[in-house]
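Working notes, structure below.
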Amino acid sequence: MAEHKLVLDGLHKAFPGPLPVLDGVEFDVAPGEFVSVIGPSGCGKSTLFNVIAGLEPPDAGRVLVDGEDATGRVDHVAYMPQRDLLFPWRTVLDNTTLGLEVAGLSRRAARERARPLFAPFGLEGFESARPHELSGGMRQRAALLRTVVQDRALLLLDEPFGALDSLTRTDMQAWLEEVRARFGWTVLLITHDIREAAFLSDRVIVLGPRPTRVLREVAVDLPRPRQVELITSTRFAEIESELLAALRGA
Numbered sequence: 001m002a003e004h005k006l007v008l009d010g011l012h013k014a015f016p017g018p019l020p021v022l023d024g025v026e027f028d029v030a031p032g033e034f035v036s037v038i039g040p041s042g043c044g045k046s047t048l049f050n051v052i053a054g055l056e057p058p059d060a061g062r063v064l065v066d067g068e069d070a071t072g073r074v075d076h077v078a079y080m081p082q083r084d085l086l087f088p089w090r091t092v093l094d095n096t097t098l099g100l101e102v103a104g105l106s107r108r109a110a111r112e113r114a115r116p117l118f119a120p121f122g123l124e125g126f127e128s129a130r131p132h133e134l135s136g137g138m139r140q141r142a143a144l145l146r147t148v149v150q151d152r153a154l155l156l157l158d159e160p161f162g163a164l165d166s167l168t169r170t171d172m173q174a175w176l177e178e179v180r181a182r183f184g185w186t187v188l189l190i191t192h193d194i195r196e197a198a199f200l201s202d203r204v205i206v207l208g209p210r211p212t213r214v215l216r217e218v219a220v221d222l223p224r225p226r227q228v229e230l231i232t233s234t235r236f237a238e239i240e241s242e243l244l245a246a247l248r249g250a
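Heads up, the sequence shown is in UniProt numbering, so the first residue is 1 and it goes up one at a time.
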């Protein structure tokens with residue numbers, strides 16, 4: 001079998017109680033692929049991300065990256081949580097370099113790596129601004145820049161646009177589609193928004209209730225690059241209906 005960028009091999013996880021959360025979760029993400037994860041609230045999506053990111057150890061199973069066991073490692077992914085977590089006392093530029101500095105890069109070298117990304121991320125001219133001077137969408141772009149500048153093999157995005165209003169969220173989805181295609185990232189996204197999953201993804205993983213496992217994988221056979229107008233198409237509506245039916249079944 002061909003190697004994949006990420007393979008989840010029978011992940012199990014329970015917390016004291018006992019509270020079983022993951023019950024043999026298995027799926028893969030190929031290089032350059034965009035995969036979304038949806039499921040009932042509280043089913044264990046964030047726990048799954050913590051295991052993939054090496055923040056929580058699984059009770060059983062493995063996380064494989066390019067065929068090598070990466071279980072418990074934190075150097076193979078860049079993780080963007082739900083909140084932007086920008087420090088108000090640091091400039092936007094220095095917020096985006098924080099992960100690099102924590103990893104041991106000098107502030108000067110970190111700034112040199114981050115600066116070229118400000119234009120494609122729509123942040124040019126705001127390097128010296130403070131986070132409170134940015135709009136919600138700009139703050140999320142800054143948080144994503146901070147994530148991707150680490151140059152990790154895989155991006156984990158946990159509801160990155162969940163706190164935004166509907167119009168800004170739609171704009172951010174279109175922007176993410178554009179820059180992902182430009183940079184060729186491999187992305188795993190958690191979302192509660194079926195439309196977001198259908199618009200951005202190559203495949204959607206549907207998880208069941210806790211203790212969770214994969215109930216279904218839905219291929220999104222829509223052409224790229226994707227424009228916002230695509231959401232009015234018949235095929236898009238069919239995919240949305242298929243995902244909704246899978247969630248209701250869960």
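Every residue, glycine too, gets a C-beta built ideally from N, C-alpha and C.
Here the structure is a predicted model, which means the values were calculated and not measured.
Query	Result
Between the beta-carbon of Pro-51 and the beta-carbon of Leu-11, is there less than 7 Å?	This sequence places Val at residue 51; Pro is not what is there. Closer than 7 Å, so yes.
Could you spell out the range, first to last residue, of the alpha helix (DSSP H) harbouring Gly-99?	98-102
Under the assumption that Leu-155 contacts Val-148 (Cβ atoms under 8 Å), give the Cβ distance between them as a whole number of angstroms.	6 Å
Here's the rule: buried if 16 or more other CB atoms are within 10 angstroms of the residue's CB, otherwise exposed. What is Arg-180?	buried
So, Ser-201 versus Ser-36, is the Cβ gap smaller than 7 Å?	yes
Quick one: Cα of Leu-117 to Cα of Gly-249, how far?	42 Å
Rounded C-beta distance between residue 252 and Thr-91? I'm assuming under 8 Å.	Residue 252 lies beyond the range of the chain shown here (1 to 250); nothing can be said about it.
Whole beta strand (DSSP E) runs in the stretch 142-230 with 3 or more residues, listed along the chain?	154-158, 187-190, 203-207, 214-219
Apart from the five residues just before and just after Phe-15, which ones in its own chain have a Cβ nearer than 7 Å to its Cβ?	Val-21
Return helix, strand or coil for Lys-5, following the three-state DSSP convention.	coil
Just checking, does the stretch 155-165 make contact with the stretch 72-88 on the three C-beta pairs under 8 Å criterion?	yes
Taking a contact to mean a Cβ-Cβ separation below 7 Å, would you say Val-228 touches Arg-216 in this structure?	no
Given a cut-off of 7 Å, decide if Asp-9 and Gly-54 are closer than it, judged by their beta-carbon atoms.	no
Let me know if Trp-185 comes out buried or exposed under the rule of 16 or more other beta-carbons within 10 Å of its beta-carbon.	buried
Start and end of the alpha helix (DSSP H) containing Gly-249?	234-249
Using the rule of at least 16 other Cβ atoms within 10 Å of the residue's Cβ for burial, across every protein chain shown, is Leu-167 buried or exposed?	exposed
Please work out which residues of its chain come closer than 8 Å, Cβ to Cβ, to Leu-243, disregarding the five sequence neighbours upstream and downstream, and give them in chain order.	Ile-38, Ile-194, Ala-197, Ala-198, Val-204, Val-206, Val-218
Applying the criterion that 16 or more other CB atoms from any shown protein chain within 10 Å of the CB defines a buried residue, is Glu-3 buried or exposed?	Annotation note: pLDDT 46 at Glu-3 (below 50); position unreliable, coordinate value reported separately. Looking at its Cβ environment, which holds fewer than 16 other Cβ atoms inside 10 Å, Glu-3 is exposed.
Just how far apart, CA to CA, sit Ser-46 and Ile-190?	8 Å
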